[in-house]
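Some notes on the structure that comes next.
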Amino acid sequence: MQLVEETPYRFRIDPRGPMRVPGVVFTSRALATDDGALEQVANVATLPGIVRASYAMPDVHWGYGFPIGGVAATDVRAGGVVSPGGVGFDISCGVRLLAADLERSDFHRVAERIMDGLSRETPRGAGRGAVWQLPGDGLLRLLTEGARYAVERGWGGQRDLDRCEDGGAVPDADPDRVSTRARDRGLGQVGSLGSGNHFLEVQAVDAVYDERTATAFGLHLDQVCVMIHCGSRGLGHQICTDHVRRMDETMADRGITVPDRQLACAPADSPDGRAYLAAMAAAANYARANRHVLGVAAGEVLREVTGRGLDLVYDTSHNLARIEQHDVDGDRRTLCVHRKGATRALPPGHPELPPDLREVGQPVLIPGSMGTASYVLAGVPEGDAFHSTCHGAGRTRSRHQAARTTDARQLRRDLERHGVVVRGNSARGLAEEAPTAYKDVDAVVSVAEGAGLCRKVARLVPLGVVKG
DNA sequence: ATGTTC
């Protein structure tokens, strides 16, 4: 794939064949790799109604149809499509960061007790376990009311909603567009991590790049934090499966052709498109509630051991499509913005930000790979790509490759030698997430900042990890 | 990511 260097951090793929717009890849000469993701960037550029460009963030890698680390916006009033592959199977997968009233130096003497407690109270792995057993009509309410329903039922409080994207619940969710099978899968999983790259980490603020913004976010140097990375479990997965199948069946009848069946799509303003968006919104609410109750459970463990609880910094999703208003070629347009492995990064002054964050911009939470740093970033005024930035380190090797070449016991020893207390789930799961299978998160974040997509606020390092 | 192959 031919990349044309526009600036040190911005590269272009010129339109060819059925591409309607160029590809724009935010990367660097050092970071750029091609595992097939750039071909996918070009494929996405062929989607009906796509505007401006098919974007890739610095952590881009190959995914189902769309690349992970991709951003694509379509013009809803001009037949623009929505594609489940542009959101991903783990709908509204995201990150929740909570800050403890505890210093790094306080942690070590209680580390084992805290990690044992977090391990005990955090269901994880495929299938089993959840911290919240929902009452009879609970799932339907959760799908429409998200974290607000959890608060109503006694989990956490108003601040948890104020510091969650969309106040804890996205509008326009319709449980009727969620299949019985999807609901069945989701019913017993509210409050569980899942597996793969999902985790709960205890971290310490290792560096602060912007004191004023960090203070507004509720963070300071050497503070202990808890970061939770998880999504919508089997429910979101089943919704994606159901709607991809439906769109794959009806796409040809609409006269839509795509270069890859995994780009199955429908006009956002069509029955199939609206049905997916309504089901996706339900999964987004599920994911918010999932992270919410896991955060409350973690806070109870910390309070039990230390007498100090947790305050929410922010909760953000990096797998979602949203209907947003943006200026394109001088016109205000209604766009369906797909972010798959990409994080919304609202600039200072944006009306959707809570009042206490409006001056500094949206907190952007970037989980590193296991045992490496994580970041807190902020949105910037000049942000390109519809106010989006990266979402993590980004894989360089497949799960299979990582598992084949990693000794899980050695990896665990290495982590513990670096002072990270490990509470794993399975040896294979640990091996698949070896940091050597990922890009360097410090490099990814530096490129994202260099490309003008966001700015650094704080760097966090792991003290303990509960692995999904 | 995922009751890791409906």
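In terms of full-length UniProt numbering, the first sequence opens at residue 1 and continues consecutively. From the three backbone atoms N, C-alpha and C, an ideal C-beta is built for every residue, glycine too.
With DSSP as the reference, label residue 92 as helix, strand or coil. Indexing the first sequence from 1 puts residue 92 at position 92. DSSP places residue 92 outside both helix and strand once states are collapsed to three, so it counts as coil.
From residue 76 to residue 410, what distance separates their C-alpha atoms? On the first sequence, residue 76 is found 76 positions in, with the first residue counted as 1. On the first sequence, residue 410 is found 410 positions in, with the first residue counted as 1. Distance between the alpha carbons of residue 76 and residue 410 is about 51 Å.
According to the neighbour-count rule (16 or more other Cβ atoms, all chains shown, within 10 Å of its Cβ), is residue 419 buried or exposed? On the first sequence, position 419 is the one that residue 419 refers to. Residue 419 counts as exposed, since fewer than 16 other C-beta atoms from the protein chains shown sit within 10 angstroms of its C-beta.
Check whether the segment 336-351 and the segment 383-396 are in contact - that is, three or more C-beta pairs closer than 8 Å. When Cβ pairs closer than 8 Å are counted between the two stretches, the segment 336-351 is seen to touch the segment 383-396, the count reaching three or more.
Where residue 463 and residue 157 are concerned, what is the direct C-alpha to C-alpha distance, given to the nearest angstrom? If you number the first sequence from 1, residue 463 lands on position 463. If you number the first sequence from 1, residue 157 lands on position 157. Rounded to whole angstroms, residue 463 to residue 157 spans 27 Å at the Cα level.
Quick one, which of 373, 381, 316 has its alpha-carbon nearest residue 161's? Along the first sequence, one-based indexing puts residue 161 at 161. Looking at the Cα atoms, 316 is the closest of the given residues.
Continuous alpha helix (DSSP H) stretch holding residue 370: start and end: Within the first sequence, numbered from 1, the residue matching residue 370 stands at position 370. It is not in any alpha helix (DSSP H) - residue 370 carries neither H nor E in the DSSP assignment.
For the segment 74-142, list the beta strand (DSSP E) runs that are entirely contained and at least 3 residues long, ordered along the chain. Fully enclosed beta strand (DSSP E) runs of 3 or longer: 94-103.
In terms of residues, what are the limits of the alpha helix (DSSP H) holding residue 217? On the first sequence, position 217 is the one that residue 217 refers to. 211-217 is the extent of the alpha helix (DSSP H) around residue 217.
Mind checking residue 203: buried by the 16 CB within 10 Å criterion, or exposed? By one-based count along the first sequence, residue 203 stands at place 203. By the Cβ-count criterion, residue 203 is buried, with 16 or more other Cβ atoms from all chains shown falling within 10 Å of its own Cβ.
Quick one: give me the first and last residue of the alpha helix (DSSP H) that residue 319 is part of. Here the question's residue 319 lines up with position 319 in the first sequence. Segment 319-328 is the beta strand (DSSP E) holding residue 319; no alpha helix (DSSP H) there.
Per DSSP, what are the beta-bridge partners of residue 230 in this structure? Mapped onto the first sequence, residue 230 falls at position 230. According to DSSP, which records beta bridges pairwise, residue 230 is partnered with 94.
Taking the continuous beta strand (DSSP E) assigned at residue 1, which residues delimit it? Numbered from 1 along the first sequence, position 1 holds the residue referred to as residue 1. Here residue 1 belongs to no beta strand (DSSP E), and DSSP marks it neither H nor E.
Assuming residue 439 and residue 393 are in contact, meaning their beta carbons sit under 8 Å apart, how far apart are those beta carbons, in whole angstroms? Within the first sequence, the letter at position 439 stands for residue 439. Within the first sequence, the letter at position 393 stands for residue 393. By a beta-carbon distance limit of 8 Å, residue 439 contacts residue 393. Their separation comes to about 5 Å.
Residue nearest to residue 314 in terms of C-alpha spacing, selected from 465, 361, 74: Position 314 of the first sequence, counted from the start, is the residue given in the question as residue 314. Residue 361 is the option with its Cα nearest to residue 314.
From residue 84 to residue 91, what does the alpha carbon distance come to, in whole angstroms? For this step, residue 84 is matched to residue 84 along the first sequence. For this step, residue 91 is matched to residue 91 along the first sequence. Take the alpha-carbon of residue 84 and the one of residue 91: they are about 9 Å apart.
Over the uninterrupted beta strand (DSSP E) stretch that includes residue 47, give me the two end residues. Translated into positions along the first sequence, residue 47 becomes position 47. Run containing residue 47: none; DSSP gives neither H nor E here.
Which one of 242, 444, 4 has the shortest CA to CA distance from residue 30? By one-based count along the first sequence, residue 30 stands at place 30. Checking every option, the nearest Cα to that of residue 30 belongs to 444.
Report the three-state DSSP secondary structure of residue 68 (helix, strand or coil). Reading the first sequence from its first residue, position 68 is the one you call residue 68. In the structure shown, residue 68 falls within a strand segment according to DSSP collapsed to helix, strand and coil.
Give me, in chain order, the residues of the same chain whose beta-carbon lies closer than 7 Å to that of residue 150; leave out the 5 immediate sequence neighbours on both sides. For the purposes of this step, residue 150 is taken as the residue at position 150 of the first sequence. Taken in chain order, the residues that qualify are 156, 289, 292, 293.
Just list the residues that DSSP pairs residue 189 with in beta bridges. Taking the first residue of the first sequence as 1, we reach residue 189 at position 189. According to DSSP, which records beta bridges pairwise, residue 189 is partnered with nothing at all.
Taking Cβ to Cβ, would you say residue 143 is nearer than 8 Å to residue 173? Taking the first residue of the first sequence as position 1, residue 143 is located at position 143. Taking the first residue of the first sequence as position 1, residue 173 is located at position 173. At the C-beta level, residue 143 and residue 173 come within 8 Å of one another.
Distance CB(residue 345)-CB(residue 379) smaller than 8 Å: As a first step, residue 345 is located in the first sequence; it is residue number 345 there, counting from the start. As a first step, residue 379 is located in the first sequence; it is residue number 379 there, counting from the start. A Cβ-Cβ contact shorter than 8 Å links residue 345 with residue 379.
Residue 208 in three-state terms, based on DSSP: The sequence position of residue 208 within the first sequence is 208, counting from 1. In the displayed model, residue 208 falls within a strand according to three-state DSSP.
Buried or exposed, going by whether 16 or more other CB atoms sit within 10 Å of the CB of residue 421? Taking the first residue of the first sequence as position 1, residue 421 is located at position 421. By the neighbour-count rule (16 or more Cβ atoms within 10 Å), residue 421 is buried.
Starting from residue 460, trace the beta strand (DSSP E) both ways and give me its first and last residue. For this step, residue 460 is matched to residue 460 along the first sequence. For residue 460, the enclosing beta strand (DSSP E) begins and ends at 455-467.
Whether residue 224 touches residue 103 by CB criterion (8 Å): The residue labelled residue 224 in the question sits at position 224 within the first sequence. The residue labelled residue 103 in the question sits at position 103 within the first sequence. Contact: yes.
Bridge partner(s) assigned by DSSP for residue 13: Looking up residue 13 in the first sequence gives position 13. Residue 13 is bridged to 23.
Which class does residue 281 belong to by DSSP, given the choice of helix, strand or coil? Position 281 of the first sequence, counting from 1, holds the residue named residue 281. Correct three-state label for residue 281: helix.
If residue 190 and residue 132 are in contact, beta carbons under 8 Å, what's the gap, nearest whole angstrom? Taking the first residue of the first sequence as 1, we reach residue 190 at position 190. Taking the first residue of the first sequence as 1, we reach residue 132 at position 132. Here residue 190 really is in contact with residue 132; their C-beta atoms are around 5 Å apart, less than 8 Å.
Expressed to the nearest angstrom, what Euclidean distance is found between the alpha-carbon atoms of residue 416 and residue 213? Taking the first residue of the first sequence as 1, we reach residue 416 at position 416. Taking the first residue of the first sequence as 1, we reach residue 213 at position 213. When rounded, the separation of the alpha-carbon atoms in residue 416 and residue 213 is 32 Å.
N- and C-terminal bounds of the beta strand (DSSP E) containing residue 56: Residue mapping note: residue 56 aligns to position 56 of the first sequence, counting from 1. Looking at the DSSP string, the run of the beta strand (DSSP E) that includes residue 56 is 54-61.
Beta strand (DSSP E) containing residue 422: first to last residue? For the purposes of this step, residue 422 is taken as the residue at position 422 of the first sequence. Per DSSP, residue 422 belongs to the beta strand (DSSP E) from 421-423.
Let me make sure I understand the geometry here. Which of 286, 9, 121 has the alpha-carbon closest to that of residue 234? Within the first sequence, the letter at position 234 stands for residue 234. Nearest option by C-alpha distance: 286.
C-alpha distance - residue 11 paired with residue 455, whole-angstrom precision: Indexing the first sequence from 1 puts residue 11 at position 11. Indexing the first sequence from 1 puts residue 455 at position 455. So the two alpha carbons sit approximately 20 Å from each other.
What residue range is occupied by the uninterrupted alpha helix (DSSP H) comprising residue 442? As a working note, residue 442 is residue 442 in the first sequence. Segment 441-450, the alpha helix (DSSP H) holding residue 442.
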